[in-house]
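Taking this note's numbering, the leading residue of the sequence shown gets 136, the next gets one more, and so forth.
Please read the structure below before turning to the comments.
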Amino acid sequence: MKKLQNVDLPLSSGFQKIYLGLGLVFGVLCIYVMVFKDTSLKDVSFVIFTSLGFLFFSRPGKIKLTNTELTLRSWTGTRTSYLLEDLTWVYPTDDGGAYVYFDDKRIDLGADEPGHKKLRAVFEKIARDKLPYFGYKTPDRNSLVRKQVLGCLECHSLFPKEEIRSWTEVPKSFWQGIKTDLFYPKCLCCGEPWVFANTLDGSPVTLEGIEKLDEILWKDKDGDRYLPFGII
Ligand SMILES: [Zn+2]
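Here's what the structure looks like:
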């Protein structure tokens, strides 16, 4: 993979501040009762273990991102690594975190993870750099701008919004309880509903992007596509 511009790597997640705080509080409590309450080490052993436990879980580096891979460390210390060259999908979530996919394996960079904002920002940069279909989504008609170019996943044809003749109507009340109908485009060449637009910045869908997207949304033996979070 080529070197990323303006990105400082490696990047690690920081201290879990809540655990760190709890660990320190229990530690101070322990010293306090030993010094002022004349308590033996044995009597406070439970508090010591609790304190050490919190400090253990608070340690930084649970998530580490280098130029080539993302490594996750479990609470037992085992490490799992994913190569950036296997990155297939990045979806920034509404809560400030992100879902990143390596092939079909989803990693949740949750908003409770220390340093999640930086990790998300770097993954967005990587996605722009590496995934030509980053930002592609099946768009609602109202989200499209004038002359926006869309692409069909089934027949790989590209066309501007104005040429679409047929739309699938989906009542919004179906999932949000609001009675505003949504319209999703159907391909003017093959009639399939797998039509995508770049919903991030409205830039035209490219043939390269739609071909790569078709590759990663592989079908299973029943012909159903594997769908990463945020694609529809
Ligand atoms: Zn088509």
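Heads up, the beta-carbon is just placed ideally off N, CA and C, and yes, glycines get one too.
CB contact flag (residue 218, residue 235, <8 Å): For residue 218 and residue 235, no; Cβs fall outside 8 Å.
Span of the beta strand (DSSP E) around residue 280: Neither: residue 280 is in no beta strand (DSSP E) and is coded neither H nor E.
Option nearest residue 274 by Cα separation, candidates 167, 226 and 331: That would be 331, whose Cα lies nearest to the Cα of residue 274.
Opposing strand residues paired with residue 237 [DSSP bridges]: 222 and 240
Extent of the continuous alpha helix (DSSP H) to which residue 337 belongs: Careful: residue 337 lies outside any alpha helix (DSSP H) and carries neither H nor E.
Assigned exposure category for residue 193 - 16 Cβ within 10 Å defines buried: buried
Candidates 289, 278 and 200, of which the one nearest residue 318 by Cα: Checked all of 289, 278 and 200; the closest Cα to residue 318 is 278.
Those residues which DSSP pairs with residue 351 across a bridge: The partner list for residue 351 (beta bridge, DSSP) is empty, contrary to what the question assumes.
heavy atom of ligand 1 below 7 Å from residue 147 C-beta: no
heavy atom of ligand 1 below 7 Å from residue 278 C-beta: no
Alpha carbon of residue 202 to alpha carbon of residue 240, nearest angstrom: 19 Å
Own chain partners of residue 148 with C-beta closer than 8 Å, once the 5 adjacent residues on each side are dropped: 195, 196, 197, 198, 199, 248, 249, 250, 251 and 254
Near ligand 1: residue 248 beta-carbon under 7 Å from a heavy atom: no
Residue burial classification, residue 301 (beta-carbon count within 10 angstroms, cutoff 16): exposed
C-alpha gap between residue 267 and residue 154, whole angstroms: Going from the Cα of residue 267 to the Cα of residue 154 covers about 40 Å.
C-beta atoms of residue 346 and residue 289 nearer than 8 Å: no
Cβ-heavy atom distance, residue 346 to ligand 1, below 7 Å: no
Which listed residue (191, 265 and 211) has its alpha carbon closest to that of residue 225: For residue 225, the closest alpha carbon among the candidates 191, 265 and 211 is that of 265.
Ligand 1 heavy atom lying under 7 Å from the CB of residue 327: yes
Counted within 10 angstroms of its Cβ, other Cβ atoms place residue 367 as buried (16 or more) or exposed: Classification for residue 367: exposed.
Separation of residue 180 from residue 191, as counted between CA atoms: 16 Å
Beta-carbon gap between residue 285 and residue 342 smaller than 8 Å: no
Cβ-heavy atom distance, residue 289 to ligand 2, below 7 Å: For the structure depicted, ligand 2 is absent and the ligand set comprises only ligand 1.
Span separating the alpha-carbon of residue 335 from that of residue 227: 11 Å
Local conformation of residue 259 per DSSP, three classes: helix
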